[in-house]
Amino acid sequence: MGTEVDPAAPFVHLHLLNGGSLIATTKGIHHNVDIDESFRLYDWAFYIHEPHSGRHVLWDVGISQDRQDYIPSIRKIMDFMSCVGPERSLVEQLISLGVKAEDVDAVFFRYTISIVSISRPVNGHAHFDHARPIANEFPRAHGYFGPGTADECRSKMEPHNTDPSISHKYDPRMFEPEVSKERWSELPGPWVPFGVFDRAMDVFGNGSFWIIQAPGHMPGNLCAAVRVEGGEWVLLGSDCAHSKALIDGTHEIAVDHLPDGSMRCIHQDVPAAVDTISQIREMEKSHGFHIALAHDATWMTAAVRDEVLFGMLDEDFRTHIDLHIAKDEPF
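In this note's numbering, the protein residues as written are 22 to 352.
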């Protein structure tokens, strides 16, 4: 395939799921804004069905309604950020699509687990809004992370790690072999070029679903490309950008330089994040990809409707656009 996007690749069925929401601020997302306003940052997960093999997979799991799904240190951060899970769980949303929890055979967590060393919770991103133990919800599912996860988590699990500068520790129920009931592994590759990206993995082996290494937000950050019915491509942009305005270039990534000389940013490697955003912009411009970010809802209320992205929404979800999303309310 080289660097070309295959125009004859098979298609998959793609559905957006409500993964809850949290409270963010404009100055935490965009650089040089005049007014710092709080707003609801929605958290989307995605369900993918490959019709030829019959596989059912999830791209992310959003925020759980049950705080017991998280370790104590993460619960504190979730309280600080006013996190709420969806009114209907992922399992309930999938049932409405005719999919049982035991049908899901894989969950792709869209980043390599990596530590964020910060002095205050607001300074970093703890990634609890994307990953958690899944064995109870999806008993047949195998979890997949990016390369390097096992080494990164080995010494940084709660309660073993007591470093006060580290706000985000890891759940032994997920990562400690002696106690974990989870089945997970790192994505094996092979990693080949796809479009403007250097390293992508053909998940189903037929060119319909690609997982892409997209550095910047944190080491090993991932995005994905999905070919949907009708021949269009959707790029699942994950946390590569926290607003479509960053992809469009109308805003820049928020970066604060603190009095102690440190830097505060939602991305760990800002130059790499800028490069990844420019690559996503190029996929939209040159290859006609439709961009669905993990936390962006602006396309749902835009004056001009993107029919390809709306194709990810079932009728029940669409009712929430006017009832809740347009009003910045949880649902």
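A virtual CB, placed ideally from N, CA and C, is assigned to each residue, including glycine.
Proximity below 8 Å, CB of residue i to CB of residue j
i, j, result
"residue 195", "residue 207", "no"
"residue 33", "residue 71", "yes"
"residue 118", "residue 52", "no"
"residue 100", "residue 154", "no"
"residue 298", "residue 268", "yes"
"residue 238", "residue 219", "no"
"residue 341", "residue 329", "no"
"residue 314", "residue 262", "yes"
"residue 31", "residue 229", "yes"
Among the options, nearest to residue i - alpha-carbon criterion
i, options, result
"residue 345", "33, 166, 31 and 61", "61"
"residue 158", "122, 126 and 323", "122"
"residue 149", "43, 332 and 286", "43"
"residue 271", "103, 54 and 330", "54"
"residue 106", "151, 80 and 78", "151"
"residue 211", "320, 167, 68 and 276", "167"
"residue 128", "39, 110, 81 and 85", "81"
"residue 290", "77, 46, 235 and 247", "235"
"residue 320", "339, 116 and 86", "339"
"residue 224", "69, 41, 40 and 288", "69"
"residue 275", "227, 265, 288 and 283", "288"
"residue 348", "73, 120 and 318", "318"
"residue 401", "316, 96, 165 and 325", "This structure leaves residue 401 out entirely; the chain is present only between 22 and 352."
"residue 50", "322, 264 and 248", "264"
"residue 327", "284, 254 and 282", "254"
"residue 102", "322, 74, 45 and 309", "45"
"residue 221", "199, 244 and 205", "244"
"residue 66", "316, 322 and 324", "316"
"residue 38", "85, 73 and 74", "85"
Proximity test, residue i beta-carbon vs the ligand PLP heavy atom, cut-off 7 Å
i, result
"residue 76", "The ligand PLP is not among the ligands present in this structure, which contains no ligands whatsoever."
Alpha-carbon to alpha-carbon, residue j and residue i
i, j, result
"residue 171", "residue 337", "39 Å"
"residue 111", "residue 47", "28 Å"
"residue 29", "residue 98", "45 Å"
"residue 163", "residue 76", "12 Å"
"residue 278", "residue 286", "9 Å"
"residue 83", "residue 63", "9 Å"
"residue 201", "residue 192", "9 Å"
"residue 300", "residue 307", "10 Å"
"residue 250", "residue 332", "9 Å"
"residue 40", "residue 280", "36 Å"
"residue 169", "residue 87", "28 Å"
"residue 351", "residue 108", "8 Å"
"residue 324", "residue 282", "43 Å"
"residue 114", "residue 247", "21 Å"
"residue 130", "residue 205", "10 Å"
"residue 295", "residue 95", "28 Å"
"residue 214", "residue 56", "41 Å"
"residue 74", "residue 226", "11 Å"
"residue 116", "residue 273", "39 Å"
Nearest-angstrom beta carbon gap, residue j and residue i [assumed within contact, 8 Å]
i, j, result
"residue 304", "residue 257", "So it is not a contact: roughly 12 Å between Cβ atoms."
"residue 216", "residue 26", "5 Å"
"residue 125", "residue 161", "7 Å"
C-beta neighbour in chain B for residue i, strict 8 Å
i, result
"residue 229", "Checking the listed chains, one finds no chain B in this structure; it contains a single protein chain."
Which residue spans inside the region 52-79 form an unbroken alpha helix (DSSP H) run of at least 4?
-> none
In chain order, which alpha helix (DSSP H) runs of at least 4 residues are fully inside the region 256-324?
-> Within the region 256-324, the alpha helix (DSSP H) runs of at least 4 residues that lie entirely inside it are, in chain order, 265-269, 291-308 and 319-322.
3 or more residues per run - each beta strand (DSSP E) lying fully within the region 185-255 | 205-207, 213-215, 218-223, 230-234 and 243-248
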